[in-house]
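Trainee:
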Amino acid sequence: MQLKRLEAYGFKSFAEKTEIVFHRGITAIVGPNGSGKSNITDAIRWVLGEQNTRNLRAAKAEDIIFSGSSARKALNVAEVSLVFDNSDGTLPIAYQEVVVTRRLFRSGESESYINHARCRIKDVYQLFADTGIGHEGMSIIGQNSMDHILNSRPEERRAFFEETAGITKYKTRKGEALRKMESTEKNLVRVQDIMQEIDAQLVPLAKQAEKTRLFDRLSGEYRQCEISSLSEKYDDLTTARTEKQEKKGAVRDKQAALAASIKEKETAREKTKLQIVKKEASLQKYARQEQDLQEKVEYLQAELAVRRERQSSEDAARTRLTEQAAETKEELQATKQAAQRISESLAGQAHDMSLLQDNLKEKKEEFTLTESALRDAEDALAVALAQEEEQRAHSLTCSKELAVMKTAVEFHAQGQCEQGKKQQDQETRIADAKRKTEHLQEQLTQSEQEATQFENKLQLAITVSRERKEALFKARRQHQDLCVQLKELMSRRKLLERMQQAYEGFGMAVRSVLRNEEPWHEGICGAVAELLEVPGKYVTAIEVALAGSQQHVVIEDTETAKAAIAFLKRRRLGRVTFLPLTSLVVRQPADASSLLAKKGVLGFASNLIRIEEKYRRVAEFLLGRTLVVDTLDHALAIANDTGRRQRIVTLEGELLHPGGSISGGGRFHRDASFLGRRSELAFCCKQIEDLQDREKKFRTHLEEQEALCQTAEQSQAHLVEAQQAHLVHQAELKTALTTEQAALQEEERSYRESAEQYALLQQSFAKAQETLSLQKSRVRQAEEKLAAHAKETEEKREEAADISEDVDALKQQIFAYEKQLAVLSATCEQDTVRLQDVKRRIKQKQQALEKIQGELARLQDGDKENQASIDKLTMQQECLREERKQLRQKKDDCYAEKMRLLEEAQSADQVLKKLASRQRELQEMEHQLDLQLSKIDYALEDCTQKLLSMYGLTPELAAAQRLQLPAAEVKTRLQELKGKIETLGPVNPEAIKEYEEQCKRLDFMQRQAQDLDAAKADLSALMQEMDDVMTKQFQSAFSKIQGYFQQSFVKLFGGGQADLKLLDDGEDILHAGIDILVTLPHKKRQGLSALSGGERALTVIALLFAFLTYKPSPFSVLDEIDAPLDEANVARFGQYLRELSHATQFIVVTHRKGTMESADTMYGVTTDGAGVSQVLSVKLDEV
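The numbering of the sequence shown is this note's numbering, which starts it at 243 and goes up by one.
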């Protein structure tokens, strides 16, 4: 396995995405202090699962996120990825390349991924367990780590040895097994408690069952007697009902006779009222006629007024028309004078137009002559331009020839340069050939040395085969552990399901309602706790918020509630709260939006749960006004803001009531809660699914391990074949060396020929330069002639321009004359139009004058007709006044007749009132009889309903079952039975059923206890087996590390002695501390605290190298551990690194030159002006 690269973004000073590629061998990371070198070490440590922020040089977790600078804003996320080459299968995962990513947000949320799949930190620990690079190993060491190793207690120092010995995973599994055993023991205690509880319940349940049987027998007798009593009562009520109905019939006959008399009187009264109505109609008719006459009189008065007004208007019109006739005559005279002035203006304009036409003719003749001169000048300019173009073409030809010559010179120069480069390439090839020859010679020497290494590889293959067998054994043990854990979880799931089905923790009344099978049970939806689905983090808060409401029963409607309550009363089971879906009223908080915006608020409890939409009203009713807050401090702040009017619950279960009271403290065991058991059951099912998937993968892994064992055995045979192939390769190297030497001789001969060709090219280049100089002179002469021709052409162009300006001036003069002529012509046309308009107006005035005179004649004729109409209207008005006087006399006679009829109607009303009073008395008697009948009917209905609801019988069936006893004796027997039943006290109707269920449950718990005992025994055996394996493996590893530590110490210090000692006295090797004993060269043995800084560092380095010698780690990060060393020790440190780098990849953060010289690749870390680290890389073997 190899660490291929590190990718970081936002981690400490690495604000930009940074990628560092690590190669095999030693990689050195250098840079000035504060540049961010050690941040690379922290990034690797963090991804491998480091949880302690102090080990990452941070006070809190968010400190590892880039915090910004004066030139760059802070980031909100830090992410680091490590990419491993797992082609050798070191990591227990079926991927050639493994990517481990860890991400932290400033909000505190953290995420880990393995190959882009979300995982836990625990999974990262398990992935790298026993690889040598675990979070507790010595794969990553800094200066503070060295002090920790030396200063730690012997028991704490043991962790580094366990990681190297490869028993960390066993200890982890043992810890898990211990936790499982504790869980098993707790479950066993819980099962035993439940069994004791069931035993304690069985005796009273047996008594209750016997009591219930006696109650059922007495209730049967009581039922028979009560049926007889109700049937006798029903018959008595039926007889009384018949008597009342007969009395009601007699009263109705009297009412019918009285109603006929009333009807006769009412008919006579209606006739009188009809005559009154007719008289009123006649009065209204006379009133209308009188109104019509009045309107006619008013009309004639209005018409007279109109006629007189018209006469006045016509007089005014005659005056107005006379004035208009005088004005029209004056306007006619003025218009004729204007026509005379326009005619005189037209004559003057005709004379001016004649003069302008003569001047225009003269200018056009002058323009013709000037235009001819312009054409001659343009012809001369065209000749000059042709001559200039001819000279320009000659000059261009010369320039092209010059360019060709320049190209030829450049070609010769390029050929000379290429020939020089060719010679340089030949020199390079000759040098390369010499290097290849030397390299082949070195390869041949190295090949002879490698021949001796195949025996070592064969021994290594044997070791690998042994390790594969051990891995196979470990995989089988892991599979066994997994099966035990799966069996334990399945037992736990069965226990939880049984408790849920039995409604464990619910009251007896609630269980009876939920488990009964009567017809009304179809309206039962379930308990509130059954219908809710609560996310794990909110379970405690929702349980506290609901409290006893968890056992409320949700029903379809109030009818179901009535039936269930009757059932509870009948069986005397207790009380239950019902929530009918049809009648629940939900009140939403008025300030919901402002509450949700407050700090720490997670939402209203009803919005944090999942429930079917059908039951959403129940959630809103119970939890819609309860606010869920993360902490108690935030809850108290919100309570103060709202005036302590809001009900608030925290995630830990503290409850703040409206008014200021607070509930809080420890919580009961989750098993006692229905919601808690549901959450645990879901989690248990998920764990079972995960374990089943892991069990399948482990079976596949076992097969892979078996295949690896076979592969290791086959590799031994392949090594023999590889040795033969190596001999063939050695012969090929000798042949290649001979061929390369011959190629070198051929290159040297070709180089000599190229030198001769280069001399010839130099001579040709000199001749081409002389020809180029002559052509440049000819080009200059051609350019001078072209300039002369251009000057002459410019003079011709200026002359033509002057003539063109004269032509333009004449054009403008001609245009001015034409414009004046056009203006005069337009003025003449306008005056002509004006003259015609004046003549038209004269004609109109004459016609208007004639019209006014005709209107005056018409007005004189109309005045005579109007006076005749006024006289006629006055006579008609006098006739109408006489007719209205006669009509008023008829109206007064009709009114007197109407008053007489009203007196007759009033007398008839008094008689009818007396008859109506008698009729009401009879109706009251009938109403009283109806009330008595209603009471009897209600009593009959009550008897019928009781028989039907309580006993399911109709009155007819009840009469058939009636006891043949007197009513008094039946009543006495009822009292006796009621006394006996009351003497029994409260009776549990479910006692018989519960007794049977508890017996079955006791049997189930006994089987569960047996399973848990068996699981406990299996876990004990497994832990003992792991202790044996760890003891054996640790003893072997410690002995070898002890020897390697002595060797590396002597090698680094140049002498002295070192030893490792177990402080167990042979008793408990798995928990014994480890002491480090050193004796420096030429000194006495002394404690670690007495060593100097350099000596302490070198001692830790010796221990690290001992670990790496025993079990080479895939990679190791050393952060400035060479800082305390002097130059001589740095040199020995670098040499030792080189020796171990063939098996371990080293990443060294250093300032020391000697360590840098040992590196294969070097990275430089620096910072820009914004405080952001930048990385530069150099491969030293390519420099």
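Glycine residues also receive a C-beta, built at the ideal position from the N, C-alpha and C atoms.
Going by DSSP, what residue range makes up the beta strand (DSSP E) through G768?
Mentor: I766 to A769
Trainee: What three-state label does DSSP hand A300 in the structure shown?
Mentor: coil
Trainee: According to DSSP, what are the bridge partners of V795?
Mentor: A769 and F820
Trainee: Decide if the segment 457-468 is in contact with the segment 1202-1222; the criterion is three or more beta carbon pairs, one per stretch, under 8 Å apart.
Mentor: yes
Trainee: If you draw a straight line from the C-alpha of K1258 to the C-alpha of M423, how long is it?
Mentor: 6 Å
Trainee: R415: which of M1265, L597, L1312 and T1397 sits nearest, CA to CA?
Mentor: The residue with the shortest Cα to Cα distance from R415 is M1265.
Trainee: Would you be able to state if there are at least three C-beta pairs under 8 Å between the segment 545-556 and the segment 1024-1043?
Mentor: no
Trainee: Out of curiosity, what's the CA-to-CA distance linking L874 and T892?
Mentor: One C-alpha to the other measures close to 6 Å.
Trainee: Between E1337 and the rest of its own chain, which residues show a CB-CB distance below 6 Å, the 5 nearest in sequence each way excluded?
Mentor: Close CB contacts of E1337 within its chain, under the 6 Å cut and outside five residues either way in sequence, are absent.
Trainee: Of the choices I440, L1101 and V776, whose alpha-carbon is the least far from that of L923?
Mentor: V776
Trainee: Mark P1208 as exposed unless 16 or more other C-beta atoms lie within 10 angstroms of its C-beta, in which case mark it buried.
Mentor: exposed
Trainee: Compute the beta-carbon to beta-carbon distance between I1084 and Q566, rounded to the nearest angstrom, for a pair I have assumed lies under 8 Å.
Mentor: Actually they do not touch by this definition, with Cβ atoms about 17 Å apart.
Trainee: Buried or exposed: where does G408 fall if 16 or more other Cβ atoms within 10 Å of its Cβ makes it buried?
Mentor: buried
Trainee: Give every residue of the same chain whose Cβ lies closer than 8 Å to the Cβ of Y1237, excluding the five residues on either side of it in the sequence, and list them in chain order.
Mentor: L444, L447, A448, Q450 and A451
Trainee: State the Cα-Cα distance for the pair A985 and E405, rounded to the nearest angstrom.
Mentor: 57 Å
Trainee: Between V706 and the rest of its own chain, which residues show a CB-CB distance below 8 Å, the 5 nearest in sequence each way excluded?
Mentor: A954 and S957
Trainee: Using the Cβ count rule (16 or more neighbours within 10 Å means buried), how would you classify N275?
Mentor: exposed
Trainee: Between the alpha carbons of R912 and R919, how many angstroms are there, rounded?
Mentor: In this prediction, R912 has a pLDDT of 44, which is less than 50 and means its spatial position is unreliable; nothing more can be read from the coordinates.
Trainee: Counting only runs of 4+ residues fully inside the segment 1339-1382, write out the alpha helix (DSSP H) ranges in chain order.
Mentor: 1369-1382
Trainee: Quick one: give me the first and last residue of the alpha helix (DSSP H) that M1265 is part of.
Mentor: A1233 to F1295
Trainee: Leaving aside the five residues before and after R757 along the sequence, list all residues of the same chain whose C-beta is less than 7 Å from its C-beta, in chain order.
Mentor: Contacts found: none.
Trainee: In terms of DSSP beta bridges, what is C361 paired with?
Mentor: S354
Trainee: Please classify V1425: is it buried, with 16 or more other beta-carbons within 10 angstroms of its beta-carbon, or exposed?
Mentor: Summary for V1425: the model assigns pLDDT 48, below 50, so the residue's position carries little reliability, and this model does not support an answer.
Trainee: For G278, count neighbouring Cβ atoms within 10 angstroms of its own Cβ and tell me buried if that reaches 16, exposed if not.
Mentor: Around the beta-carbon of G278, 16 or more other beta-carbon atoms lie within 10 Å, marking it buried.
Trainee: What does DSSP give as the partner residues of S1419 in its beta bridges?
Mentor: Y1405
Trainee: Taking I335 and L369 to be in contact with their CB atoms under 8 Å, please state how far apart those CB atoms are, rounded to whole angstroms.
Mentor: 7 Å
Trainee: Between V770, K1127 and L1098, which lies nearest to E532 when the distance is taken from Cα to Cα?
Mentor: For E532, the nearest C-alpha among the options comes from K1127.
Trainee: Kindly give me the distance between the Cβ atoms of I1316 and L1302, rounded to whole angstroms, as I take these residues to be in contact under 8 Å.
Mentor: 6 Å
Trainee: Check V1425 in the structure and name its three-state DSSP category.
Mentor: Low confidence applies here, because V1425 scores a pLDDT of 48, under 50, leaving its location unreliable; read the following figure in that light. The answer is coil: DSSP assigns V1425 none of H, G, I, E or B.
Trainee: With DSSP as the reference, please indicate the residues paired to S195 in a beta bridge.
Mentor: There is no way to answer for residue 195, as the model of the chain reaches only from 243 to 1425.
Trainee: Buried or exposed: where does D1151 fall if 16 or more other Cβ atoms within 10 Å of its Cβ makes it buried?
Mentor: Exposed, because fewer than 16 other Cβ atoms sit within 10 Å of the Cβ of D1151.
Trainee: Check this for me: beta carbons of K515 and A1147, under 7 Å apart or not?
Mentor: yes
Trainee: Note down the Cα distance separating T980 from S996, rounded to an integer number of angstroms.
Mentor: Roughly 25 Å between the two C-alpha positions.
Trainee: Just to check my reading of the structure: L844 and V870 have Cβ atoms closer than 8 Å, yes? What is that Cβ distance to the nearest angstrom?
Mentor: 5 Å
Trainee: In the DSSP output, which residue or residues are listed as bridge partners for A270?
Mentor: V1390 and M1404
Trainee: For the segment 1055-1071 and the segment 662-671, state whether three or more C-beta atom pairs, one from each stretch, are separated by less than 8 Å.
Mentor: no
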